[in-house]
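Take a look at the structure set out below.
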Amino acid sequence: MDWWIWIIGGVVLCLMELLTPGVFFLLFFGAGAIVVGILTWTGLLETAWVQVLLLSIFSLGALVLFRRTLLDKLMDEESEGHVATITDQVCTAFENIPPGGTGQVEMRGTGWSAHNEGDEPIEKDQQCTVERVEGISLRVRGK
Numbered sequence: 010m011d012w013w014i015w016i017i018g019g020v021v022l023c024l025m026e027l028l029t030p031g032v033f034f035l036l037f038f039g040a041g042a043i044v045v046g047i048l049t050w051t052g053l054l055e056t057a058w059v060q061v062l063l064l065s066i067f068s069l070g071a072l073v074l075f076r077r078t079l080l081d082k083l084m085d086e087e088s089e090g091h092v093a094t095i096t097d098q099v100c101t102a103f104e105n106i107p108p109g110g111t112g113q114v115e116m117r118g119t120g121w122s123a124h125n126e127g128d129e130p131i132e133k134d135q136q137c138t139v140e141r142v143e144g145i146s147l148r149v150r151g152k
């Protein structure tokens with residue numbers, strides 16, 4: 010195959026990766042196609058079966074070696090960023106929450122399960138501050 014077909018195919022696969030959230034494997038096949046395109050352009054690869062074989066080796070090798078690491082890194086950055094935007098935010102209690110007790114609060118228009126970290130009770134409709142996030146529960150303290 011011509012080298013430019015591999016390059017265009019690789020770029021298309023990489024762009025498709027951007028449009029398909031959560032898949033995260035088209036990137037590796039796109040990168041493999043670009044590498045095969047470059048090797049074909051330099052004259053190192055001439056026969057189609059060798060090109061397809063190297064595409065498979067490069068793509069699957071990169072997929073096996075790098076996908077989990079990149080996914081973990083991306084997920085850590087996303088979750089850290091989301092938690093960082095919630096910490097220190099103000100929320101409103103839906104109900105009375107005793108010290109060390111659990112109740113419901115509203116933040117940004119959404120109801121959350123919350124645990125009162127303070128020594129004072131949080132009264133219904135009182136504002137409180139998010140100290141940290143544990144799973145899907147907020148740790149709050151009254152203002």
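Under this note's numbering, the residues of the sequence shown are numbered 10 to 152, in order. Glycine residues also receive a C-beta, built at the ideal position from the N, C-alpha and C atoms.
Inter-residue spacing [alpha-carbon to alpha-carbon] between residue i and residue j
i           : j           : result
residue 80  : residue 30  : 12 Å
residue 16  : residue 47  : 7 Å
residue 117 : residue 49  : 54 Å
residue 122 : residue 99  : 14 Å
residue 21  : residue 55  : 22 Å
residue 33  : residue 14  : 22 Å
residue 12  : residue 62  : 15 Å
residue 87  : residue 94  : Caution applies to residue 87, whose pLDDT of 49 falls short of 50 and renders its modelled position unreliable; the value that the coordinates give is listed next. In a straight line, the C-alpha of residue 87 is about 11 Å away from that of residue 94.
residue 119 : residue 28  : 28 Å
residue 96  : residue 146 : 12 Å
residue 75  : residue 60  : 22 Å
Beta-carbon proximity list for residue i, same chain, < 8 Å, skipping 5 on both sides
i           : result
residue 135 : 101, 102, 151, 152
residue 7   : There is no way to answer for residue 7, as the model of the chain reaches only from 10 to 152.
Residues near residue i by beta carbon distance below 7 Å, same chain, minus five either side
i           : result
residue 36  : 23, 26
residue 83  : none
residue 137 : 100, 102, 114, 131, 149, 150, 151, 152
residue 128 : 108
Beta-carbon separation (whole angstroms), residue i vs residue j, contact threshold 8 Å
i          : j          : result
residue 69 : residue 45 : Residue 69 to residue 45, Cβ: 13 Å. No contact.
residue 10 : residue 57 : 5 Å
residue 52 : residue 39 : Incorrect: roughly 22 Å between the Cβ atoms, too far for contact.
DSSP state of residue i mapped onto helix, strand, coil
i           : result
residue 148 : strand
residue 26  : helix
residue 56  : coil
residue 18  : helix
residue 139 : strand
residue 153 : Given that the chain is displayed from residue 10 to residue 152, the structure contains no residue 153 and the question cannot be resolved.
residue 87  : Confidence in residue 87 is poor, its pLDDT being 49 and thus under 50, which makes the residue's placement unreliable; the coordinate value appears in the next sentence. Correct three-state label for residue 87: helix.
residue 96  : coil
residue 114 : strand
residue 101 : strand
residue 51  : coil
residue 109 : coil
Chain-order list of residues whose beta-carbon lies under 6 Å from that of residue i (same chain, five-residue window excluded)
i           : result
residue 67  : 41, 44
residue 140 : 126, 148, 150
Any chain C beta carbon closer than 8 Å to residue i
i          : result
residue 13 : In summary, chain C is missing from the structure at hand, where a single protein chain is found.
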